[in-house]
Each structure stands twice: as C-alpha cells, then as structure tokens.
Amino acid sequence: MTSTLPPRVTLRPPASGVAERAPRPRREPERIAAVLTLGALVILAIGSLVDIDISLPRMLQSWSNAERFFERVGAVTFPETGELLTLTAQTLGLVLTGTLLAAVLSVPLAYLAASNTSPGRTWRVVARFLGVLARAVPDVVLAMVFVLMFSLGSLPGILAIGIHSVGMISKMFADAIEQIDEGPRLAIRASGASTLQQFTAGVLPQVLPSWVATVLHRNDINLRGSVILGYVGVAGLGLEMSYAFKSLEYGRGLGIAVVIFVLCVLMEIVSSTVRAVMLGSGNTATGPFDRLLRRFRRSAPALTPRRPLTPAATPESALHRPWTGGRVRNSIAGVLTAIAIVAGVVVSDIQWNDFLTFWSRVPEVAVRFWPPSFGSYEVATMLEAMRETIMIALAATLMTLVASTVIGSLAARNVAPNSTTRSGFRLLLVTVRGIPELILAIVLIVISGLGTQAGTIALAVGGIGLLGKLIADSLEEVDSGPERALTATGATRLQVYTGATVPQSAQAMLGHTFYLLDTNIRAATLLGIVGGGGIGYYLLNSSQGSNYATVTAIVLMILVTVLVIEGLAIWMRRVFR
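Going by this note's numbering, the first residue of the sequence shown is number 825, and it counts up by one from there.
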C-alpha cells in the first residue's frame, strides 16, 4: 500500500496540469491569429482614415458654404398641428409595429443561433445566416420591394423595418443567451422539464433585461431610419421631409428633423426608465437628466438594489416563480407595452387586404430583381465603389470606438465619478443619437462638398450615440462583486475600471464594435445616396432608373461583406471567451 501511494500522489498533479493545459496548444495559435486579425483591421482602419484625409482646416475654410445654406434655409417651420400629430402618430405606429414584428421573429431565430441552446450545428449555421441576410439587405431596399408589392402607406415600412431589424435583434438575443449562467437551466433539465420549460424558466429570466434593452435600442434606430424610408414612398415624417427637401423647402425639412429629434429624446427617457425598472439597479443619482427620469418612475427613488441571480432551492421550484413585486411591476409594464403596440397598429392604418392580393405581384416583382446584373457598369467600377464603402465604414468605426469608449464609460453609473457627469454624458449620447445621420450628412456635404469625408464624419458622429450607449449599458450590467472586492483592497477608481469593469464587459464590447462595423457598411451605402461616396451612388441611380437587377447585385456585394464580418465576429467571440 505504501509503495503505491507515492506514484499516485505524484501522478495526480501532472494529470491535473495536463487537463488544464491540454487545450492551450490548440487555442494559442488561434488566439494569436485572432489578435493579428484585430491588429490588421485596426491598421486598415487607420489607413482608410488617412486615405479619406479628413481635414478640419479645409472644412473651416468651407464654412462660407454653410452660411449660404443656412441663409437659404431661413426660419425653421413646422406642419400644421393636426397634420404634425397625424404624421407623428403614423411614424411612431409603423416604427413600434415594425420593431415588435422583428422582436417576435427574433426569439426562435436567436434560440437556434445560440451555441448553448441550438439543437445542432446545422441549425445554428442556418439561423446565423438568416440573421446576417436580414441585416445585409438595407431596409430602404426592402421598402423599395414592398412598395412595388403593397399599397403606398405604412405597411411597406413596417415590413421593411421588421425584416431588417431581425438581423440585429436576433444576433443580440443569441449573444445574451450564450452568456447566461447555465446552472439554473441544467437544474431544470435535470428535473425532467421540457425544452420550453427550460427556456421560459431557466433562460428567459436571465436574458429578459438584456432583450428589453436590445429592443429599445433597435426602436431608437428604427425611428431614425424611418427618415430615409420616406424617400422610397413610406408614409410618415420621413416622406414629408423628403418632399420638403426635394421642393427646396429647407426650413420645413429641418423642422420635421427637429420633431424626429424630440421623439428620439422621449424614446430615450422611456428606454432608460424601463431599463432601470427591469434591471432593478439602485439609483441615487441627482443629475438633471436623472431627476427628469424620476418623474416617470413610479418606484423611484426606492428601487431595490440589484441582487445576483441565485439558483432555486429545488428544480421544481424553479418552474414556479413567485409573484414578487418586481414580477408584478414587469407584468404591468408588459401590459402597458401591449396597449402601446395595439395603438401603434391602429394608427398605422394597415391595408390588411394587401395580404390577400400581393401574391399575384410576386412573380412580376421577382423578375425585375433577378437575375442580378451590373448592367452598364463595369465590374471594376463596382468593386472600387464597394471598397470605398468599406473604407468609409472602417474609418468611421475607428473614430467612433475611440470616442465612444471615453463617452460611454463616463455615462455608466458604476464608472462615472459622480451623477452629474453621468447625466451629462447620457444626455450627450441622447442628443447625438437623436440626429439622423442622413440630415448630418446633408449638412456636412454642404460644408465640405461631395465625397467620402462627409459620409465618414456623419457615420462617426452618429455611431457615437449607438456604440456609446451600448458600452455604457454593458459596463452598468457587469457583476458588481469584483468591483466591490477591488474597492475593498484600496484600489483606485481607474484600477477598478481596468481590473474589474472592463474585463467583464470586454466580450460584449467586442461584439458591439463588430456590430457597429457591419451597421456602418450598410449606413455608408445609404449615405452614398445623398452624395456621401461609395456604392450608394450606384444604388440610387439603379433604383431611380428601375434597374432592379443592379440593385440585387449591389445587395449581394453587401451581403458577402457582412457575412465576412459576421464570421470574424463569431470567431473572435469564441476565441476570446
């Protein structure tokens, strides 16, 4: 017995060591490759920024163009009160309904796309591809198709927003599912629960706050995106603004843009309120924006501190959650949301008969768009335009990432030095996000002229509103335990930020950055429509000339580019997990 004991004692540590180190030889080269790929993307982004040659002195010298433009604008005017209310209700209705459609469709797609819930690799690949396909097709192109198939009005916009938004929402839903604590779900599975019970009791409670935040983010984006849908005939504020600018009524057009900005600010108030209630975050902030939000919070300022998720005492008890105060509050919020959605559907004035008649138009429309062709354009010309679009997206993403990391951090409750700072930067993010990139690009083009410079700056500024908010939310949602532990050891605020806050949110921030990149590719395409450079110029010409086969060819180019970015994002998340 004693002679066999030493070998057993000496063999166990090596076995344990081998078990811990076994994956490293396989993962280390992959990790190095991922780091090199990230470095290459950064270098490409820097090179793109140099090639675009953004020159602030030249823009200042061109300020006289802006002065002449604003002189031509004159006084900002608004539609009549009744007309404005009707247009506003119609816009909110189609945006809310489209976002709801996307949220409903995204749940099963996200379930199949998440690695820890998907039935198999094939299901996961197909679901991810469908999400990428939905993201790759610009909503303005979808609206263009649906305008040909349905009556003019809100329905083409609802379908375009809904289908296009599935790509983003399903991706963020799937990412949230992959980051859950598997303990509760495994415990429920061990009790013999069905797949649906595992999802509703073990997954949904963990991801619901993140899902709500994602839907609210997307609703903000859709509200701004509804502007450009007006240029292809979708009813609402965007259509009226397009009429105003086309008829050179710049004062009326900017007045409608102001209305859209106010709507975005109000949507942010709703978003912040819902997030605070569902996350259960303690809030002792006293800044001006926080005081404004408290007026809309029934439970403020007595929100209970957020507590870490604890497993149920038994698997059976996990299937029957008690009606706590938080659950009642969330249920009431859900009922109010349902009422708002029903109201949105009603004011959208959907022509339901179109669903019975549009099938006969499908073959005719399909023939217009297929097979894809570049038409009279040369392949080299189109590839160069696509390269220019990618260059704009990379440069804008780099500029946005640098600015958003600083602004988003100072807008996070657990990072900002005080409530006034947090409120100020939150308000800055709201202000930036409320300005449609299309309007910003038009103003910048007036100042600096046609080309990639205006499009890049417009994307970079507009992206700060999105990425900065996503980063701030990710930082606020980290586990506060490691932060408190470092604080207890006497660590400074910067040490807590770099040692506990950022490492926990790094994976989410990486995913947000890649999402912004493929969003910028599509946005760069749309900004090209108003002279921002890139493939959008050819997309506009093709659509206006009814060369829909060329539109399809351009969309396929965008799809390939977004697929590459999506593949890189999935790979990066897996390697750095």
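Heads up, the beta-carbon is just placed ideally off N, CA and C, and yes, glycines get one too.
Figure out for me which residue from the options has the closest Cα to the Cα of residue i.
i	options	result
Met-1215	Val-1166, Asp-875 and Gly-1335	Asp-875
Arg-1246	Leu-924, Glu-1188, Glu-1300 and Ile-987	Glu-1300
Ala-938	Arg-959, Gly-922 and Lys-995	Lys-995
Val-866	Gly-1292, Gly-1358 and Leu-1225	Leu-1225
Leu-1222	Glu-854, Ala-858 and Gly-871	Gly-871
Pro-1008	Val-919, Gln-1022, Ile-1231 and Val-1189	Gln-1022
Arg-959	Ile-1382, Arg-1397, Arg-1398 and Met-1396	Ile-1382
Thr-1289	Pro-1260, Ala-1265, Ala-913 and Ala-1190	Thr is not the amino acid found at residue 1289; the sequence shown has Gly there. The shortest C-alpha separation from Gly-1289 is found at Pro-1260.
Phe-1179	Leu-983, Thr-905, Tyr-1339 and Met-1396	Leu-983
Ile-1163	Thr-901, Leu-909, Leu-862 and Leu-920	Leu-920
Ala-1278	Glu-852, Val-859, Ile-878 and Leu-860	Ile-878
Leu-1090	Leu-860, Val-1254 and Ser-1228	Val-1254
Gly-1060	Ala-913, Val-964 and Ser-1018	Ala-913
Arg-948	Asp-999, Val-1302 and Tyr-1361	Asp-999
Glu-1002	Gly-977, Val-950, Thr-941 and Phe-953	Thr-941
Asn-1365	Thr-946, Ala-1227 and Met-1206	Met-1206
Ile-993	Val-1039, Leu-1160 and Val-1152	Val-1039
Asp-1303	Val-1326, Arg-945, Thr-1024 and Pro-1187	Val-1326
Glu-1208	Tyr-1361, Leu-1318 and Gln-1319	Tyr-1361
Asn-1046	Ala-1017, Ile-1012, Glu-1092 and Leu-1072	Glu-1092
Ordered along the chain, which non-local residues of its own chain (more than five positions away) have a Cβ less than 6 angstroms from that of residue i?
i	result
Arg-848	Legend: pLDDT at Arg-848 = 47, less than 50; position of this residue unreliable, no value from coordinates given.
Val-961	Val-1379
Gly-1414	No answer is possible for residue 1414: it lies beyond the span of the chain, which begins at 825 and ends at 1401.
Asn-1043	Thr-923
Gly-1199	Asn-1371 and Thr-1374
Arg-1185	Met-973
Leu-1387	Val-956
Leu-980	The displayed chain sequence assigns Pro, not Leu, to residue 980. Correct list, in chain order: Ala-967, Phe-970, Val-971, Phe-974 and Val-1058.
Leu-1218	Leu-868, Ala-869 and Ser-872
Phe-1249	Ile-1231, Leu-1234 and Ala-1235
Val-900	Gly-1075, Leu-1078 and Gly-1079
Gly-1062	Ser-1050, Val-1051, Leu-1053 and Gly-1054
How many angstroms separate the CA atom of residue i from the CA atom of residue j?
i	j	result
Met-1210	Ile-1345	9 angstroms
Ile-856	Ile-1394	16 angstroms
Asn-1166	Val-1051	In the sequence on display, residue 1166 carries Val and not Asn. Rounded to the nearest angstrom, the two C-alpha atoms are 23 angstroms apart.
Arg-1257	Gly-1079	17 angstroms
Ala-846	Phe-1400	Residue confidence is low: Ala-846 scores 46 on pLDDT, short of 50, so the model does not pin down where it sits. No coordinate-derived value is stated.
Glu-1470	Ile-1359	As displayed, the chain neither begins before 825 nor continues past 1401, which places residue 1470 out of reach and without an answer.
Gly-1305	Ile-1084	40 angstroms
Thr-1293	Leu-868	Sequence check: residue 1293 is Lys here, not Thr. Roughly 25 angstroms separates the two Cα atoms.
Leu-918	Thr-1337	28 angstroms
Gly-812	Arg-1397	The structure shown does not extend to residue 812, since the chain spans only 825 to 1401, so no value can be given for it.
Ile-1156	Ser-1095	16 angstroms
Gly-1391	Val-1239	32 angstroms
Gly-1314	Thr-1244	24 angstroms
Pro-943	Pro-932	12 angstroms
Asp-964	Gly-991	One point to set straight first is that residue 964 is Val, not Asp, in the sequence displayed. About 15 angstroms.
Pro-1241	Leu-1291	21 angstroms
Pro-1324	Val-859	Reading off the sequence shown, one finds Ala at residue 1324, where the question assumed Pro. Cα to Cα, the separation comes out at about 21 angstroms.
Thr-1385	Gly-906	44 angstroms
Leu-1087	Leu-909	12 angstroms
Leu-916	Phe-953	30 angstroms
Val-1191	Glu-1202	22 angstroms
Val-1189	Gln-1319	59 angstroms
Gly-1168	Thr-1322	44 angstroms
Leu-1251	Ala-1220	22 angstroms
Excluding five sequence neighbours on each side, which residues of the same chain lie with their C-beta closer than 7 angstroms to the C-beta of residue i?
i	result
Met-1333	Ile-1295 and Ser-1298
Leu-1264	Ala-1282, Val-1285 and Gly-1286
Met-1065	Val-1051, Gly-1054, Gly-1077, Ile-1080 and Ala-1081
Ala-1068	Arg-1076, Gly-1077 and Ile-1080
Leu-911	Pro-903, Gly-1060, Leu-1061 and Glu-1064
Val-1056	Val-964, Ala-967, Met-968 and Val-971
At least one CB of chain C closer than 9 angstroms to the CB of residue i: is that the case?
i	result
Thr-1205	You won't find chain C in this structure, because it holds only one protein chain.
Tell me which residues share the same chain as residue i and place their Cβ nearer than 8 angstroms to its Cβ, disregarding the 5 neighbours each side in the sequence.
i	result
Val-928	none
Ile-1389	Phe-1338, Leu-1341, Asp-1342 and Ile-1345
Taking three-plus beta-carbon pairs below 8 angstroms as touching, is the region 1027-1036 in contact with the region 967-974? no
Taking one C-beta from the region 1301-1315 and one from the region 1280-1287 each time, how about it: are there three or more such pairs within less than 8 angstroms? no
Where in the region 984-1017 do unbroken runs of the beta strand (DSSP E), each at least 3 residues long, occur, reported from the N-terminal end onward? none
Could you tell me whether the region 1366-1377 touches the region 1322-1332, using the rule of 3 or more Cβ pairs below 8 angstroms? no
Unbroken beta strand (DSSP E) runs of length 3 or more, entirely within the region 1340-1382: which are they? none
Where are the alpha helix (DSSP H) runs, 4 residues long or more, that stay fully inside the region 1048-1090, in chain order? 1061-1070
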